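Student: Here you go, one structure.
Number of protein chains: 2
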Amino acid sequence: MGEDSRRLGGRTGGRLGDVREAALTLFAERGYRATTMRAIGEALGLRGPSLYNHVGAKQELLRDIMLGTLDRLLAEHAAAVAGIEDPAEQLRRAVVAHVRYVVSHKREVLVNNREVLSLDEPSRVLLVARRNEYERLFRNLVERGLEEGRFEVESARMASYSILDMGNGVAVWFREDGAMTGEEVAAHYGRLALQAVGARPA
Amino acid sequence: MGEDSRRLGGRTGGRLGDVREAALTLFAERGYRATTMRAIGEALGLRGPSLYNHVGAKQELLRDIMLGTLDRLLAEHAAAVAGIEDPAEQLRRAVVAHVRYVVSHKREVLVNNREVLSLDEPSRVLLVARRNEYERLFRNLVERGLEEGRFEVESARMASYSILDMGNGVAVWFREDGAMTGEEVAAHYGRLALQAVGARPA
DNA sequence: CCTACCGATCGGTAGG
DNA sequence: CCTACCGATCGGTAGG
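Below, the structure is given as structure tokens:
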């Protein structure tokens, strides 16, 4: 008895994956500090202390979620722009990939948007570094478009911040059962971003 | 002795204003739950329990900050668009006013962006209602511009969300001693927003 | 405005 | 994986 309640997802199979999945849901719904180990255990039909058979500390769950999100975003970005020359098309694909990630990993993105202060050092500096790295990729695309005379903005940096903030904001209002599918939203944001940087046909 | 450490700002004069000001700084720097009443008191040269002579509860400090921010944004918006006919110009002014508020109330905006989950009911529903009200104002401007054939976007709702998310994001990276003044950033975002909605000259 | 202190919560450990 | 429990933290009150 008591062998059920798993298969919730969780990139890593087994119990650890279940714990991460339950933690992700609760962190997104209530916030990191308002989520107790007991509550995470309860979601899995366990007692709080039992979680320590799979996790070293509550903080590790947050760290893995937040750093993992950035790793995956960086990977998706690379795949999205690979093999494309046109900076406008690259930017559009990068934005679509970003928003696609946001709508399909809403909880992760919500946690990433809100819990920076809950992340202990040294993970926090690592996260900020990875975020900066990710932002630079977008900024570079904007700069290339600018050099080639395809875009028209006064600051590539503000443009890249704007584009990322727009995209991250989708996590707040997107509903799986809403009027638009995630794919539609992603496509729309791709076009919105191009328009924001003043993209002109080649 | 012990009659110093005030004049930190705080819309309401006197001690209550000082407490709010200290709380705002700490909530923005460490987060609401990581900020103790003792720490707020310490920032004012007081003991934690002394704060209860001026404040009913820690939660009231958060509520006043968050709801107050929205009240002020709503008022600034009304002033910014009053007397203007052209929806493009109205939108530009509304965005400039928004970003102006963000750069001059960075801490407030950071708290508003991150602490929704820390806000107890019924304040939370009130805040969300006020946020929706504020978003609708932007959405209405976008819709009017669309009706008059001045803008070109597929969804006024996504456009308004994007514009607000862009603007709120400024609180994360803006530095008073940075390369651009708040006024320059606000002006830039005003133009960026118009470009994002595909604004065309009248 | 202060000291003393209560009551509750919570992460994590011990020890099976 | 569980029960029992420790140690620390913290909002708020009592009572001057």
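Protein chains in written order, with this note's numbering: chain A, 1 to 202; chain B, 203 to 404. All C-beta atoms in this analysis are idealised placements derived from N, C-alpha and C, irrespective of residue type, glycine included. If you're wondering where the values come from, they're calculated on a predicted model, not measured in any experiment.
1. In whole angstroms, give me the CA-to-CA distance for R38/A and D322/B.
2. For W375/B, tell me which candidate among D165/A, R200/A and G178/A has the shortest Cα-Cα distance.
3. In or out: P122/A buried (at least 16 other Cβ within 10 Å) or exposed?
4. Taking a Cβ distance cut-off of 9 Å, strictly less, list which residues of the segment 361–385 of chain B are near chain A, in chain order.
5. Using a Cβ-Cβ cut-off of less than 7 Å, give me the residues of the segment 70–82 of chain A that come near chain B, in sequence order.
6. At 9 Å on the CB atoms, spell out the chain A contacts of S320/B, in chain order.
7. Quick check on A186/A: does DSSP put it in helix, strand or coil?
8. Rounded to whole angstroms, what is the Cα-Cα separation between D446/B and V283/B?
9. Any Cβ of chain B within less than 8 Å of the Cβ of V99/A?
10. Among the candidates I40/A, T35/A and R144/A, whose CA atom is the shortest distance from the CA of E85/A?
11. Answer with yes or no whether the minimum CB distance from Q90/A to chain B is below 8 Å.
12. Between which two residues does the alpha helix (DSSP H) containing Y363/B stretch?
13. Verify the CB distance criterion: does H54/A have a CB-CB separation below 8 Å to chain B?
14. Which residues bound the alpha helix (DSSP H) around S104/A?
15. Can you tell me whether G2/A is buried or exposed? The criterion is at least 16 other CB atoms within 10 Å of its CB, across all chains shown.
16. Can you tell me which of the three DSSP states M37/A falls into?
17. Would you say E394/B reaches chain A, if we count a Cβ-Cβ gap shorter than 8 Å as a contact?
18. Pick helix, strand or coil for M66/A, following the three-state DSSP scheme.
19. Whole angstroms are fine: how far does the CA of H54/A sit from the CA of L275/B?
20. Among the residues of its own chain, which have a CB less than 7 Å from the CB of R33/A, if the five just before and after it don't count?
21. Label Y52/A either buried or exposed according to how many other C-beta atoms from any shown protein chain fall within 10 Å of its C-beta, with 16 as the threshold for buried.
22. Strictly under 8 Å for the Cβ-Cβ distance: is V153/A near chain B by that measure?
23. Closer than 8 Å, CB to CB, is H390/B near chain A or not?
24. Report back the beta-carbon spacing between R92/A and L194/A to the nearest angstrom; my notes put them in contact at under 8 Å.
25. Could you check where the alpha helix (DSSP H) with R232/B kicks off and where it finishes?
26. DSSP three-state label for F151/A, please.
27. Once the 5 residues before and after V387/B are set aside, which same chain residues still bring their CB inside 7 Å of it?
28. Compare the C-alpha of A156/A against each of L228/B, R338/B and Y391/B and name the closest.
29. In this structure, how does DSSP classify V399/B when only helix, strand and coil are distinguished?
30. Given this structure, state the Cα-to-Cα distance separating G400/B from E60/A, to the nearest angstrom.
31. G167/A and V116/A - do their beta-carbons sit closer together than 8 Å?
32. Since I believe A230/B is in contact with R309/B (beta carbons under 8 Å), could you give me their beta-carbon distance rounded to a whole number of angstroms?
33. Name, please, each residue of chain A whose Cβ falls closer than 7 Å to the Cβ of A398/B.
34. What would DSSP say about A78/A, mapped onto helix, strand or coil?
35. Given a cut-off of 8 Å, decide if L24/A and V111/A are closer than it, judged by their beta-carbon atoms.
36. Buried or exposed: which applies to A196/A, given that a residue is buried once 16 or more other Cβ atoms fall within 10 Å of its Cβ?
Tutor: Let me lay it out:
1. Approximately 21 Å between the Cα atoms of the pair.
2. The residue among D165/A, R200/A and G178/A with its C-alpha nearest the C-alpha of W375/B is D165/A.
3. Taking every protein chain shown into account, the CB of P122/A has fewer than 16 other CB atoms within 10 angstroms, so this residue is exposed.
4. Listed in sequence order: A361, Y363, S364, I365, L366, D367, M368, G369, N370, G371, V372, V374, W375 and M382.
5. For the segment 70–82 of chain A, which is checked against every Cβ of chain B, not one residue is closer than 7 Å.
6. Ordered by position in chain A, the residues that pass the 9 Å Cβ test against S320/B are G31, R33 and A34.
7. In the displayed model, A186/A falls within a helix according to three-state DSSP.
8. With chain B represented from 203 up to 404, any question about residue 446/B goes unanswered, as that position is not in the structure.
9. So no, V99/A is outside the interface.
10. Put simply, of I40/A, T35/A and R144/A the residue whose alpha carbon is nearest the alpha carbon of E85/A is R144/A.
11. Under the 8 Å criterion on CB atoms, Q90/A is classed as non-interfacial with respect to chain B.
12. For Y363/B, the uninterrupted alpha helix (DSSP H) run begins and ends at A358 to W375, by DSSP.
13. It does not; no Cβ of chain B falls within 8 Å.
14. Looking at the DSSP string, the run of the alpha helix (DSSP H) that includes S104/A is P87 to S104.
15. Confidence at G2/A is low in this model, with a pLDDT of 30, below 50, so the placement of that residue is unreliable and no value is reported for it.
16. Look at M37/A here: in three-state DSSP terms it is helix.
17. The sequence shown places Leu at residue 394/B, not Glu. Any Cβ of chain A closer than 8 Å to the Cβ of L394/B would place that residue at the interface, and such an atom is present.
18. Here DSSP, grouped into helix, strand and coil, assigns M66/A to helix.
19. Here the alpha carbons of H54/A and L275/B stand approximately 46 Å from one another.
20. Hits under 7 Å: S118.
21. By the neighbour-count rule (16 or more Cβ atoms within 10 Å), Y52/A is not buried but exposed.
22. Yes, its Cβ sits closer than 8 Å to a Cβ of chain B.
23. Yes, H390/B counts as interfacial toward chain A.
24. The beta carbons of R92/A and L194/A sit about 5 Å from each other, so the pair counts as a contact at 8 Å.
25. Its alpha helix (DSSP H) spans residues G216 to R232.
26. In the structure shown, F151/A sits in coil (DSSP, three-state: anything other than H, G, I, E or B).
27. The residues are V301, V305, V372 and F376.
28. In this structure, Y391/B is the residue among L228/B, R338/B and Y391/B with its C-alpha nearest to the C-alpha of A156/A.
29. In the structure shown, V399/B falls within a coil segment according to DSSP collapsed to helix, strand and coil.
30. The straight-line gap from Cα to Cα measures roughly 44 Å.
31. Between V116/A and G167/A, the C-beta spacing is not below 8 Å.
32. By a beta-carbon distance limit of 8 Å, R309/B contacts A230/B. Their separation comes to about 4 Å.
33. Listed by position along chain A, the residues whose Cβ is nearer than 7 Å to that of A398/B are L192, Q195 and A196.
34. In the structure shown, A78/A sits in a helix (DSSP, three-state: H, G or I).
35. Remark: C-beta atoms of V111/A and L24/A approach each other more closely than 8 Å.
36. It counts as buried.
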